[in-house]
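Residue numbers (my numbering): 12 to 414.
Just so it is clear, CB atoms sit at the ideal spot from N, CA and C, and this is done for glycine as well.
Taking it in order: structure first as structure tokens, then the write-up.
Rendered as structure tokens:
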């Protein structure tokens, strides 16, 4: 079951990264500036943000099997449609459609983990499925560059998009929840979204993600552009080297999940284990700052790799937090709502990135993204509160207390 979530995440990132690898070619063909490109990325993040708030509750209502299948079918079809783009506006429209579908992946995958894994194993299981993002990002530069160089960018979008439909052929007949496999009755009704967002955990966790996830969005959408314009890499060199930080990031998923479990096994509370792990890896993300100042390209790539390991190490613990607090039938809704913060932050900082790079350079951008994760860690310690299981929100109508 974890393999399904892993491969869905691989495909998600292959579809997402196809644009990043093809960006140098598309920007020349469609005559796009940095601001134009930032708007195309913004279109994806706008849809991603809106649909995060809808996809989580929808998956909780429809169930993991149908909800995940619909998300995969939508974003795979949208990926294929990119081949029809004739300019920046059409490209932005197709990115918007892609963002609508891709928003369902993490709420669905977090729900898979909540359904199948106990508390002590959740961070590692979350890190394992989320390592699919690194694998997808590793595969994208060489695979997409090879297809693009031999068959053109339109074929690259079609070929990568079709992978999702192959996943669907296996997912639909196989996936069942443990309760379904045991013949148990239907799951409880999903919690009302407005009630969920009133809880301290949901709004504060959402706010914390405003300052963490944009760092990852910057590297996946802008790193090939940075290598081309700041380090003078051509497309072949981008295909040869842009995957390296994502290999290191893949290790971060596993190390981050292991560290959280290690602290739990040593007697730390869930609150201390999860938040300490996030903080440790957030500090590693400060390496973003010397990365832009390094004279040699190889040193810059190495420091970016450390920062990306820091992000995935932090995320392994953050992915498991909703299931630490809320029941299984609400975790997709909670993570979807929280991911709206990630999308909002991604939109805001993507537009800022385009403006700053066009008018100044990449240096202030890298410095800013090195500091943001520390803000996230600070918010987790000061606002989120203890990670203890809570009663269902719907029960407050009987108790009169808001969890």
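- Judged by DSSP secondary structure, residue 278 falls outside any alpha helix (DSSP H); it is assigned neither H nor E.
- DSSP places residue 216 within a helical segment (H, G or I) once states are collapsed to three.
- Nearest C-alpha to residue 131 among 276, 112, 294, 163: 276.
- Per DSSP, reduced to three states, the secondary structure at residue 76 is helical.
- Taking C-beta separations shorter than 6 Å and ignoring five residues to either side along the sequence, the partners of residue 23 in its chain run 113, 116, following chain order.
- Spatial neighbours of residue 87 in its own chain (CB-CB distance under 6 Å, excluding positions within 5 residues in sequence) are listed in chain order as 172, 175, 176.
- Under the three-state reduction of DSSP output, residue 372 falls in the coil class, being neither helix nor strand.
- Taking residue 55 as reference, the option from 203, 92, 109 with the minimal CA-CA separation is 109.
- Looking from the CA of residue 66, the closest CA among 340, 348, 158 belongs to 348.
- Here the C-alpha atom of residue 281 lies approximately 26 Å from the C-alpha atom of residue 20.
- Here residue 333 is buried. Its C-beta has 16 or more other C-beta atoms within 10 Å.
- Taking residue 216 as the centre and dropping the five residues before and after it, the same chain places the C-beta of 332, 349, 395 closer than 7 Å to its C-beta, in chain order.
- The beta carbon of residue 362 sits closer than 7 Å to the beta carbons of 49, 53 from its chain, once the five residues preceding and following it are set aside; these are given in chain order.
- Distance from the CA atom of residue 151 to the CA atom of residue 44, rounded to whole angstroms, is 23 Å.
- Shortest Cα-Cα distance from residue 58 to any of 225, 106, 157, 269 involves 106.
- In its chain, beyond the 5 residues on either side, 360, 361, 364, 376, 380 have a beta carbon closer than 8 Å to the beta carbon of residue 229.
- Two segments are said to touch when three or more pairs of C-beta atoms, one from each, lie closer than 8 Å; by this definition the segment 339-347 does not touch the segment 260-271.
- Counting of Cβ neighbours within 10 angstroms places residue 90 among the buried residues, the total reaching 16 or more.
- Here DSSP, grouped into helix, strand and coil, assigns residue 299 to helix.
- Using a Cβ distance threshold of 8 Å, residue 391 and residue 289 count as a contacting pair.
- Residue burial is scored here from C-beta neighbours: residue 141 has at least 16 other C-beta atoms within 10 angstroms and is therefore classed as buried.
- Taking 8 Å as the cut-off, the beta carbon of residue 324 is found no closer than this to the beta carbon of residue 221.
- Note that the C-beta distance between residue 261 and residue 146 is below 8 Å.
- The three-state secondary structure of residue 100, taken from DSSP, is helix.
- The residue from 299, 312, 246, 285 with its alpha-carbon nearest to that of residue 397 is 285.
- Taking the Cβ atoms as the reference, residue 296 lies roughly 4 Å from residue 384, within the contact range of under 8 Å.
- For residue 123, the uninterrupted alpha helix (DSSP H) segment begins and ends at 116-127.
- Rounded to the nearest angstrom, the gap between the Cα atoms of residue 180 and residue 389 is 43 Å.
- With distances taken between CA atoms, residue 292 lies nearest to 329 out of 303, 148, 42, 329.
- With 16 or more other Cβ atoms inside 10 Å of its own Cβ, residue 235 counts as buried.
- Contact check for residue 165 against residue 94 passes: the beta carbons are separated by less than 8 Å.
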